[in-house]
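Just so we're on the same page, my numbering is the position in the sequence shown counted from 1, plus 114.
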Amino acid sequence: MKRSLQLSFFLVLFTLGATVGAQSTLTEIWRTDEVLNTCESVLYDKNLNQLFVSCINGSPAEKNSEGFISVVKLDGTIQSLKWVTGLNAPKGMAILGGKLYVADIDELVVISIKKAKIVDRIPVEGATFLNDVAVSPDGKVYFTDSDTGIIWIYSGGKLQMWIKEGLNRPNGLYIEEDRVLLTSSGSQDLKVIDRSTGEAKVVTTDIGHGDGVEFTGKQGYYLTSSWSGEVFIISPDYNKLSLLKTSDQEINSADIGFNMEEQVVYVPTFFDNRVVAYKLTIN
């Protein structure tokens, strides 16, 4: 292919990506009652076709044993408000092998989904603000500590520090085969990290207080949330577009969940104590 044709080809791809991103929308479809006290994270369970919601129920760094996990139906009905209790300030969650892994200040808490019971508490030495959790395709549990700037891996019953420096309040994780997508509330950016080398590259800046990150199912398109109250779509060229802004209403948007099959985004509103569901349209 000649250089001029190559340039034209990539310009067409770039323009198409920008056009599609610019036409993306979020449309509200339901909201829960305001009973999900300080809800921080939403996780869609495709096997049970339901949502897990972590509720801090207090201060984000307070050990009060008042935190709980709720189960919410896909129509916004609360199925079980206090499905599992006795947590401190539960935040990010991930599912592996029938167990729900929850970041809880300085512990990785393991819950049997079938028994609705805490079956293990894994202390993380030096941790003070464990935040998001995600599982890799090869079954490793990754999680962030925002205060210390560390990304941890739990695998085979062992904890390992993966990235120890260079991160400013790391938070949201999405794990792919060869890379990790990371949002950070301190540096307010989206990074792509090579899983084999740990090398990180900033790909999108100014995304607010980076919280959740999810893949849309459409190649190259991701969603990120800013805790202060904004949701962005990231296009294949890593440009961003704001789809939702609630910060002017003092409504947060913490660690979002996503139902890829139905293209529905679930936004935990933190101090607003409810989850709001939005239909995503990418044209």
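Ideal placement from N, C-alpha and C gives every residue a C-beta, glycine not left out.
query = Is it right to say S367 is buried, meaning 16 or more other beta carbons lie within 10 angstroms of its own, or is it exposed?
reply = Within the sequence shown, residue 367 is the residue found at index 253, counting from 1. By the 10 Å Cβ count, S367 comes out buried.
ask   = Mapping DSSP to helix, strand and coil, what is Q274?
value = Counting from one through the sequence shown, the residue named residue 274 turns up at place 160. Three-state result, Q274: strand.
query = Can you give the Cα-Cα distance for V78 and V390, rounded to whole angstroms?
reply = Nothing about residue 78 can be reported from this structure: the residues present for the chain run from 115 to 397 only.
inquiry  = Can you tell me where the beta strand (DSSP E) holding V149 begins and where it ends?
reply    = Counting from one through the sequence shown, the residue named residue 149 turns up at place 35. Element bounds for V149: n/a, residue is neither H nor E.
ask   = Per DSSP, which one or two residues make a beta bridge with D234?
value = As a working note, residue 234 is residue 120 in the sequence shown. According to DSSP, D234 bridges with V224.
key: Buried/exposed call for N397, threshold 16 Cβ in 10 Å   = If you number the sequence shown from 1, residue 397 lands on position 283. It counts as exposed.
inquiry  = Does Q193 come out as helix, strand or coil in the three-state DSSP assignment?
reply    = Here the question's residue 193 lines up with position 79 in the sequence shown. Looking at Q193 - three-state DSSP - the assignment turns out to be strand.
query = What do you get for Q120, buried or exposed, if any count of 16 or more other CB atoms within 10 angstroms of its CB means buried?
reply = Numbered from its first residue, the sequence shown carries residue 120 at position 6. At Q120 the pLDDT is 37, less than 50, meaning the model places this residue with poor confidence; the figure from the coordinates comes in the next sentence. Exposed, by the Cβ-count rule.
message = For L295, tell me which candidate among Q274, K272, G334 has the shortest Cα-Cα distance.
response = Locating residue 295 in the sequence shown gives position 181, counting from the first residue. Here the closest residue by C-alpha is G334.
message = So, under 8 Å CB-CB, K254 and I264 are touching, yes? Tell me the CB distance rounded to an integer number of Å.
response = Counting from one through the sequence shown, the residue named residue 254 turns up at place 140. Counting from one through the sequence shown, the residue named residue 264 turns up at place 150. Going by Cβ atoms, the distance from K254 to I264 rounds to 15 Å, so no, they are not a contact pair.
key: S361 and G343 closer than 7 Å at C-beta   = Residue 361 sits at position 247 when you count from the first residue of the sequence shown. Residue 343 sits at position 229 when you count from the first residue of the sequence shown. Yes, Cβ-Cβ distance for S361 and G343 is below 7 Å.
key: Neighbourhood of N387 by C-beta distance below 6 Å, restricted to the same chain and skipping five residues each side   = For the purposes of this step, residue 387 is identified with residue 273 of the sequence shown, where counting begins at 1. For N387, where only same-chain residues beyond five positions count, the Cβ hits under 6 Å are E148, L150, N151.
query = In three-state DSSP terms, what is D292?
reply = As a working note, residue 292 is residue 178 in the sequence shown. Note: D292 maps to coil in three-state DSSP.
inquiry  = Using 7 Å as the threshold, is the C-beta distance between V317 and L337 below it?
reply    = As a first step, residue 317 must be located in the sequence shown, where it is residue number 203. As a first step, residue 337 must be located in the sequence shown, where it is residue number 223. No, Cβ-Cβ distance for V317 and L337 is not below 7 Å.
query = What are the start and end residues of each continuous beta strand (DSSP E) run of 3 or more residues lying completely inside the segment 328-396, in chain order?
reply = 336-340, 344-348, 354-359, 371-373, 378-382, 389-395
query = Does the distance from the CB of L157 to the CB of M207 come in under 7 Å?
reply = Sequence index remark: in the sequence shown, residue 157 carries index 43 (1-based). Sequence index remark: in the sequence shown, residue 207 carries index 93 (1-based). Going by C-beta atoms, L157 is nearer than 7 Å to M207.
request  = Enumerate in chain order the residues of its own chain whose CB-to-CB distance from E328 is below 7 Å, with the five nearest sequence positions on each side excluded.
outcome  = The residue given as residue 328 occupies position 214 in the sequence shown. Around E328: Y288, Y336, L337, I370, F372.
message = Could you compute how far the alpha carbon of V233 sits from the alpha carbon of G211?
response = Taking the first residue of the sequence shown as 1, we reach residue 233 at position 119. Taking the first residue of the sequence shown as 1, we reach residue 211 at position 97. When rounded, the distance between both Cα atoms is 13 Å.
ask   = Among residues of its own chain, excluding the 5 on either side of N163, which ones have a beta-carbon nearer than 7 Å to its beta-carbon?
value = By 1-based counting over the sequence shown, the position of residue 163 is 49. Excluding positions up to five away in sequence, the list reads L188.
ask   = DSSP state of F398, grouped into three classes?
value = Here the chain covers residues 115 to 397 and nothing more, so residue 398 does not appear.
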